[in-house]
Amino acid sequence: MSAGISLLAPGHRGCAGCCDALAGRFLLDALGKDCIVVSPTGCLEVFTTPYPESAWGVPWIHSLFENAAAVASGVEAALKALGRKNNTKVVSIGGDGATLDIGLQAISGAFERGHDFTYVCVDNEAYMNTGVQRSGATPLYASTTTSPSGRKSHGNPLHKKNMPAIMAAHGSPYVATASVSYAPDLMKKIKRAAEIEGPTYVHIHAPCCTGWGFDSSKTIEVGKLAVETAMWPMYEMENGEVTKVRRIKDRKPVEEYLKVQKRFKHLFTKDGAREEVKKIQEIADWNAKHFGLE
Amino acid sequence: MKNRMTVVEGSYAVAHAAKVCRPNVISAYPITPQTHIVEDLSQFVADGEIDCEYMNVESEFSAISALIGASATGARTFSSTTSQGLALMHEALFNASGMRLPIVMTVVNRALSAPINIWNDQQDSISQRDTGWIQLYAEDVQESADMTPQIFKLAEDKDVLLPAMSCMDGFILSHVYEPVILLEQDLTDEFLPGFEPEYILDPGNPMSFGAFADPTTYTEFRYRQEEAMGVALKKIEEIASEFNDIYGRYYGGLVDGYMLDDAEIVIMAMGSVIGTIKDTIDMLRKENISIGLLKVRSFRPFPADAIKAALKNAKLVVTLDKNISIGKNEGALCTEVKACLHNTKLRVPVIGFMLGHGGRDIPIGTIVNIVDKAKAAMRNDSFIESEFADLREDME
Amino acid sequence: MPLVIKTVVKPGSTIVNKTGAWRSFKPIFDRELCSKCGICAMYCPEAVVYKLESGYYDPDYDFCKGCGICANECPRKAITMILEEK
């Protein structure tokens with residue numbers, strides 16, 4: 000028996016139930032061998048490549064935290080310059096910190112320059128590699144190690160940055176949101192993003208059992224709840240217009256999603272935080288209405 | 000023989016030199032006084048004179064990052080920057096060196112902010128001393144141009160594989176119009192072979208670059224870089240001679256002496272100030288002052304043995320630095336020359352002068368004043384450890 | 000083996016690291032209940048649930064970390080997590 004059925008080999012040091020490992024293998028399952036992957040610093044980078052090992056079955060490079068898109072643009076330029084571009088896909092896969100926060104400028108530059116590559120954000124909504132600190136992707140009222148809940152705080156006071164909208168505003172021909180809990184859909188979107196010429200973007204919602212506080216067996220279940228409550232709207236945008244959405248039958252109240260995660264536990268203690276839960280519900284309601292999910 | 004000299008701007012000479020090195024990927028971001036180099040390169044691209052991917056990136060950080068990706072993919076890569084731009088690249092400079100990617104950059108030396116200042120000193124590249132990049136310093140425009148293929152050949156040597164900076168003084172060299180010989184394409188093709196790294200990002204042989212090294216292996220990566228710098232020490236000399244064989248021009252290898260053999264006082268410096276020092280020496284020799292020059296061409300790798308050999312008859316060494324380590328009251332050359340002499344039998348005093356910061360002119364008079372102080376130090380009238388030359392006297 | 004310091008490492012080389020040792024709970028696949036849908040294989044973060052010639056699925060215990068996703072996602076409840084005996 001050969002080890003693993005994916006181009007992302009087992010033996011990597013991802014946590015049991017890791018969402019990043021799932022996203023990584025779905026990426027390679029979708030793209031096959033003819034790609035070059037660029038990873039910024041983050042869990043996926045660290046746990047897949049402890050020297051002298053690598054889980055990657057495709058050519059892969061890690062440079063720094065904030066420059067993956069710039070590195071990827073250089074890879075693409077070199078392939079063109081050397082006459083080796085052919086059908087080789089250049090893909091960058093990074094976490095939410097590397098994408099929404101520290102790497103945003105490099106991504107913006109690479110998209111503006113129009114390189115033929117796909118940027119994939121694996122969004123587990125905090126800096127997990129360093130121990131669950133708040134990022135620009137952390138949702139409202141999530142408790143993290145730098146936005147903890149406390150006597151005078153309900154956790155992160157800020158809204159999640161709308162990264163797909165930012166990428167669509169760059170004139171990207173294809174922007175999609177996906178979830179590790181919907182693997183066939185995710186892989187279809189990755190394939191489509193890679194096939195379309197120009198800079199394309201796929202934003203994957205990825206529940207992290209370690210950082211969010213749920214059992215390792217529930218990664219897929221929690222991701223599904225995010226979609227079923229409209230906390231994570233799934234859509235595709237082509238040239239700035241929403242062209243497809245994943246509709247929800249019998250949308251669930253956000254409590255069903257929040258209650259299964261320790262990071263929202265403070266909202267459901269004896270005193271409760273009805274106003275805060277209401278505000279979160281408003282986000283889901285807005286998503287449902289804005290994207291026409293129902 | 001027909002006159003091959005053309006009068007061009009220093010930046011043009013270097014851009015032209017980069018062009019004949021046939022880079023595959025160039026990244027560019029404007030910053031004074033480097034901008035003319037990337038402008039000239041973009042004109043070569045616009046005129047179809049160069050076949051490469053020219054990337055107008057959104058920052059120097061992306062300029063170097065894009066070249067990291069391109070170099071790992073097997074491309075010969077070139078960029079040019081200065082000052083704040085080089086400082087912005089700092090983190091990525093370590094990364095390029097650690098991954099052993101032979102990226103070449105021309106650094107057009109300029110002061111760092113604050114206060115903001117666009118003129119020449121060498122604080123920018125000296126501040127990147129420990130990033131694992133080779134650093135060579137050119138004396139004039141022709142050497143700046145000629146250094147370009149030399150440094151590509153050095154960086155890409157399979158036993159070196161280190162990124163490299165070719166440093167030229169901002170404005171003084173980058174914006175001056177001088178008669179130069181533009182590098183010939185045929186000679187450069189003969190001198191500089193194609194870039195053929197052993198490993199590249201290639202789906203046909205899918206290697207991983209930039210793995211995570213823990214305490215059991217990290218030290219050995221650093222050791223290998225240091226070893227490669229040791230190889231570079233030899234190669235710099237060899238490549239300079241090979242360049243001489245093909246093009247007929249030579250500027251010294253690691254160091255170069257001028258009136259050195261019988262000199263009691265030896266001035267050491269890097270970059271364009273060398274010309275002024277030579278003129279001063281010519282003048283002072285007429286007054287029977289026993290003085291010579293040791294030009295340092297390679298600052299990284301640091302040519303300790305070459306310096307020790309060159310200083311064996313010196314009675315006093317004077318270092319000139321266009322930089323300062325604030326809190327040490329010394330420039331880098333001063334500190335390093337002293338350090339390399341310490342564990343030897345050479346007991347030659349070294350005194351340091353810091354000058355030319357933020358573009359302050361260094362006229363012959365400044366060098367003469369420094370030599371006067373050196374003579375006083377030799378007579379034991381007053382010993383100077385290190386000091387600013389040409390500080391304004393009207394400062395309150 | 001002597002230490003080799005190279006700037007690149009070989010593809011898929013993490014397979015020397017048998018992560019099965021991490022496991023606290025072990026998935027047991029019941030073929031009586033299995034419908035051969037393959038969801039267990041699809042959502043394995045290690046990608047080590049294999050389809051056999053018979054159409055059934057089997058995990059590679061050398062690498063299975065025992066996360067329990069396969070058991071949780073199995074629509075037929077054909078996978079049970081049992082305490083690993085060491």
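Protein chains in written order, with numbering that gives the first Met the number 0: chain A, 0 to 293; chain B, 0 to 395; chain C, 0 to 85. We treat Cβ as the ideally placed atom computed from N, Cα and C, and that holds for glycine.
Chain-ordered chain A contacts of I67 of chain B [CB-CB under 7 angstroms]: S62, V70, G73
Cβ-based contacts, 7 angstroms cut-off: residues of the stretch 196-209 of chain B near chain A: So the list reads L200, D201, P202, P205, M206, S207, F208, G209, given in the order they occur along the chain.
Residue nearest to V201 of chain A in terms of C-alpha spacing, selected from A:G212, A:R245, A:M186, A:T40: A:M186
Interface flag, D46 of chain B vs chain A, CB-CB below 8 angstroms: No, no contact with chain A.
Local Cβ density within 10 Å of V105 of chain C, reported as buried at 16 or more and exposed below that: Beyond the ends of chain C as shown, which are 0 and 85, falls residue 105 of chain C; an answer cannot be given.
Helix, strand or coil at G31 of chain A [DSSP, three-state]: Coil.
C-alpha distance - D122 of chain A paired with E52 of chain A, whole-angstrom precision: 25 angstroms
DSSP three-state assignment for A212 of chain B, whether helix, strand or coil: coil
Proximity test, Cβ basis, 8 angstroms: N128 of chain A and chain B: no
Inter-residue Cα distance where the pair is S1 of chain A and L292 of chain A: Residue placement at S1 of chain A cannot be trusted, given a pLDDT of 47 that sits under 50; what the coordinates show is reported in the next sentence. Rounded to whole angstroms, S1 of chain A to L292 of chain A spans 42 angstroms at the Cα level.
Beta-carbon neighbours of R250 of chain A, restricted to chain C and to distances below 9 angstroms: Correct list: empty, because the minimum Cβ distance to chain C is about 22 angstroms.
Cross-strand partners of N55 of chain B (DSSP beta bridge): B:A27
Beta-carbon gap between P26 of chain C and I78 of chain C smaller than 8 angstroms: yes
At least three beta-carbon pairs within less than 8 angstroms, the stretch 55-68 of chain C to the stretch 202-216 of chain A: yes
Neighbourhood of N66 of chain A by C-beta, 8 angstroms cutoff - its chain only, sequence neighbours within 5 removed: P39, G102, A105
Nearest-angstrom Cβ-Cβ length linking V47 of chain C and C39 of chain C, presumed shorter than 8 angstroms: Not confirmed; about 11 angstroms, so no contact.
Exposure label - A12 of chain B; buried when at least 16 CB within 10 Å: buried
Straight-line Cα distance separating Y256 of chain A from I203 of chain A: 17 angstroms
Min CB distance A20 of chain C to chain A below 8 angstroms: no
N287 of chain B at chain A interface by Cβ criterion, 8 angstroms: Taking 8 angstroms as the threshold, the shortest C-beta distance from N287 of chain B to chain A does not fall below it.
Proximal residues, the stretch 3-18 of chain A versus chain C, C-beta separation under 7 angstroms: G3, I4, S5, L7, A8, P9, G10, H11, G13, A15, G16, C17
Alpha carbon of I67 of chain B to alpha carbon of E329 of chain B, nearest angstrom: 33 angstroms
Chain A contact residues for M377 of chain B, given Cβ-Cβ distances below 9 angstroms: Under the 9 angstroms cutoff, chain A gives no residues; its nearest Cβ is about 50 angstroms from M377 of chain B.
Listed by chain order, chain A residues near M54 of chain B by CB distance under 8 angstroms: Per Cβ cutoff of 8 angstroms: S72, G73, A76, R112.
Beta-carbon neighbours of Y118 of chain A, restricted to chain B and to distances below 7 angstroms: The contacting residues do not exist; Y118 of chain A stays about 13 angstroms from chain B at best.
Closer than 8 angstroms to chain C by CB, M258 of chain B: no
Element boundaries [alpha helix (DSSP H), containing K50 of chain C]: Taken as a continuous stretch (DSSP letters only), K50 of chain C belongs to no alpha helix (DSSP H), being part of the beta strand (DSSP E) at 48-50.
6 angstroms CB neighbourhood of P202 of chain B in its chain, flanking five on each side removed: none
Contact set between W55 of chain A and chain C, taken where Cβ atoms lie within less than 8 angstroms: P10, G11
Secondary structure of M0 of chain B, DSSP reduced to three states: Only weak support is given to the placement of M0 of chain B: the predicted model assigns it a pLDDT of 45, under 50, and the question is left unresolved by the model.
Any alpha helix (DSSP H) of 4 or more consecutive residues that is wholly inside the stretch 51-131 of chain B: Restricted to the stretch 51-131 of chain B, the alpha helix (DSSP H) segments that are unbroken, complete and at least 4 residues in length are 59-71, 82-87, 89-97, 122-125, listed in chain order.
Spatial neighbours of Q260 of chain A in its chain, beta-carbon cut-off 6 angstroms, leaving aside the 5 residues before and after: Excluding its 5 nearest sequence neighbours in each direction, Q260 of chain A has C-beta neighbours in its own chain below 6 angstroms: W211, G212, F213, listed in chain order.
Closer than 8 angstroms at the beta carbon, the chain B residues around D33 of chain A: Neighbours of D33 of chain A on chain B, chain order: P202.
Option in C:E84, C:F28, C:T6 with minimal Cα separation from D57 of chain C: C:F28
Coarse secondary structure for S1 of chain A, derived from DSSP in three states: Summary for S1 of chain A: the model assigns pLDDT 47, below 50, so the residue's position carries little reliability, and this model does not support an answer.
Member of B:T5, B:A163, B:R378, B:E142 whose CA lies at the smallest distance from the CA of I274 of chain B: The question names Ile, but residue 274 of chain B is Gly in the sequence shown. Selected option, being the one with the closest Cα: B:E142.
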